[in-house]
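Engineer: The structure is given below, and queries will be raised subsequently.
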Amino acid sequence: MESVARSHSTVGPDTALPKDATLIYRQSRWTRLTHWLWAISLFFMLLSGLQIFNARPQLYIGKESGFAYNNTVFAIGAENTANGPRGYTEIFGKRFDTTGVLGWSGPAGRETSRAFPSWATIPSYYDLGTARVVHFFFAWILTTTLVVWLVASLVNGHLRRDLAPRIDDLRRLPRDIVDHARLKFRHTREYNTLQKMAYGGVMFVLLPLMIITGLAMSPSMNAALPFLNDLLGGRQTARTIHFIVMLLLVAFFIIHMLMIFAAGPINELRSIITGWYRTDPPAHHGKAPERSA
C-alpha cells in the first residue's frame, strides 16, 4: 500500500542499492511507520465511532435538535410493521428498508434494534463508555502523528517537492484520468496528478476537518474555543460534517485498495512494508519516461 508521506529519493546507509536498477528504495522507515499508524488509528476510530453513533442514530443541521425541530437530515432506526420489525435508513425524508444491515439486525431469531450491526462496531455489544475511550485514544494518536508529519514535511521540503501539483501535473490530468479508467498504470518514483490530488485532499482537507469537527463536539473544547462551534454552524452541524467526512474517508480507502490490486498488490505492499518498490524498465528510443500509478 502506498503512503502519502513518501520518502526522498536518497537511500540510507542501511539500504544498499540492489543490482536490479528497476528496484528502488521508495518508502522510508518514517513513511511506513506513519502510514500504518494512520491506518490502524482510522480503523479503530471508524468502528468505535459507529458504536458512538448508535447512541443517537440521527444527524441534524443547526445548533439544536429534538422533537420540536424539523432539521433531521439522516436517521437509522426500526419500526413495527405488519410483517414484523423492520429496519430503515432515512435520508432527507426519503426512507429505505435496510433490514438485516441497518436499523434491525442480528442472528436469526435474536435480531435487535441498532443503527449499525454488531460486526461493524467496537465493542460489538453496546458499550458507549468503552467506545469513547477507544475512539479518543486513537484520535490523539492520529492527530499527534499528523501534526508531526506536517511539520517535518514542511521542513524537509516533502510537501513542495512531492505533493504540490505543478503546472505540468495539471496538464497531464486528463491523461491520468483516462489511464486510470483503462487500468493502465505506470510505476515510477513520482506520484501522478491524481495521486497528488487525492492524497492532498485527505491530508489537508479531510483529516484536518475530521479533527476540527471532533473538537467542536467536545463540551470541554466548547468552553476553551467557543468560536469553533459557531464557525461550523453549531454542534449538531459539526456532527453531521464529521459523519460525512467519515464516509468520504471510507470511499477513499475503497478506491485506494482497488487501485492497489489493479496496479500490482505485491509490489505495492512490499513498498509500504519493506520500502522497496519495483519501477518500470527505463524508456528507450527517445520515449518519454512513464509516470506512476
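Just add 5 to the spot in the sequence shown (first one is 1) and you have our numbering. The beta carbon of each residue, even a glycine, is placed where N, CA and C say it ideally should be.
May I ask you to list the residues that DSSP assigns as paired with I29?
Structural biologist: DSSP lists Y282 as partners of I29.
Engineer: On the DSSP bridge assignment, give the partners of R176 in chain order.
Structural biologist: R176 is not bridged to any residue.
Engineer: On a CA-only basis, which of A186, G54, I66 is nearest G238? Give me that one, please.
Structural biologist: That would be I66, whose Cα lies nearest to the Cα of G238.
Engineer: Below 8 angstroms between beta carbons: does that hold for L147 and W35?
Structural biologist: Contact flag unset, no.
Engineer: Do A120 and F58 come within 8 angstroms of each other at the CB atom, strictly closer than that value?
Structural biologist: Their beta carbons are under 8 angstroms apart, which means F58 touches A120 by this criterion.
Engineer: Along the chain, where does the beta strand (DSSP E) containing Y93 start, and where does it finish?
Structural biologist: Residues 89 to 96.
Engineer: Identify every residue that forms a DSSP beta bridge with N329.
Structural biologist: This structure cannot settle anything about residue 329, because the visible part of the chain is limited to 6 through 298.
Engineer: What residues in its chain sit with their C-beta under 7 angstroms from that of A80, if we drop five residues either side in the sequence?
Structural biologist: Excluding residues within five positions, the ones whose Cβ falls inside 7 angstroms are P62, Q63, E95.
Engineer: Go ahead and label V183 buried or exposed: buried means 16 or more other beta carbons lie within 10 angstroms of its beta carbon, across all protein chains shown.
Structural biologist: Exposed, since its Cβ has fewer than 16 Cβ neighbours within 10 Å.
Engineer: Under a three-way DSSP split, which group does R100 fall into?
Structural biologist: Three-state DSSP puts R100 in a strand.
Engineer: Mark P287 as exposed unless 16 or more other C-beta atoms lie within 10 angstroms of its C-beta, in which case mark it buried.
Structural biologist: The residue in question, P287, is exposed, as its Cβ has fewer than 16 Cβ neighbours within 10 Å.
Engineer: Quick one: residues in its chain with C-beta nearer than 6 angstroms to the C-beta of T150, no 5 flanking neighbours on either side, listed in chain order?
Structural biologist: Correct list, in chain order: T39, L42.
Engineer: Determine the DSSP secondary structure at D119, reduced to helix, strand or coil.
Structural biologist: In the sequence on display, residue 119 carries Arg and not Asp. Looking at R119 - three-state DSSP - the assignment turns out to be strand.
Engineer: Express the C-alpha separation of R180 and L274 in angstroms, rounding to a whole number.
Structural biologist: So the alpha carbons of these two residues sit roughly 26 angstroms apart.
Engineer: Between which two residues does the beta strand (DSSP E) holding W109 run?
Structural biologist: Its beta strand (DSSP E) spans residues 108 to 110.
Engineer: Where in the segment 191 to 219 do unbroken runs of the alpha helix (DSSP H), each at least 4 residues long, occur, reported from the N-terminal end onward?
Structural biologist: Qualifying alpha helix (DSSP H) stretches, in chain order: 198 to 206.
Engineer: Near N227, what residues of its chain come up, given a Cβ to Cβ distance below 8 angstroms and the 5 sequence neighbours on each side ignored?
Structural biologist: The residues are A221, L233, N234, R240.
Engineer: Taking the alpha carbon of Y131 as the point to measure from, which residue in S53, F49, L254 has its own alpha carbon closest?
Structural biologist: Of the candidates S53, F49, L254, the one whose C-alpha sits nearest the C-alpha of Y131 is S53.
Engineer: Ignore the nearest five residues each way along the sequence and tell me which others in G92's own chain have a CB closer than 8 angstroms to its CB.
Structural biologist: Around G92: I81, G82, A83, D102, T103, T104, G105, V106, L107, G108, W109, S110, S118.
Engineer: For Q337 versus S276, is the C-beta distance shorter than 8 angstroms?
Structural biologist: Past the boundaries of the shown model lies residue 337; the chain is included only from 6 to 298, so the question cannot be answered.
Engineer: Assess contact between the segment 133 to 141 and the segment 186 to 197, defined as three or more Cβ pairs (one per stretch) separated by less than 8 angstroms. Is contact present?
Structural biologist: No, they do not touch.
Engineer: Let me check understanding here. Comparing Cα to Cα, which of L178, R115, V78, L230 lies closest to R100?
Structural biologist: R100 has its Cα closest to that of V78, out of L178, R115, V78, L230.
Engineer: If you draw a straight line from the C-alpha of H163 to the C-alpha of H185, how long is it?
Structural biologist: Rounded to whole angstroms, H163 to H185 spans 25 angstroms at the Cα level.
Engineer: Thinking C-alpha only, which one of M50, P90, A144 is nearest P128?
Structural biologist: That would be M50, whose Cα lies nearest to the Cα of P128.
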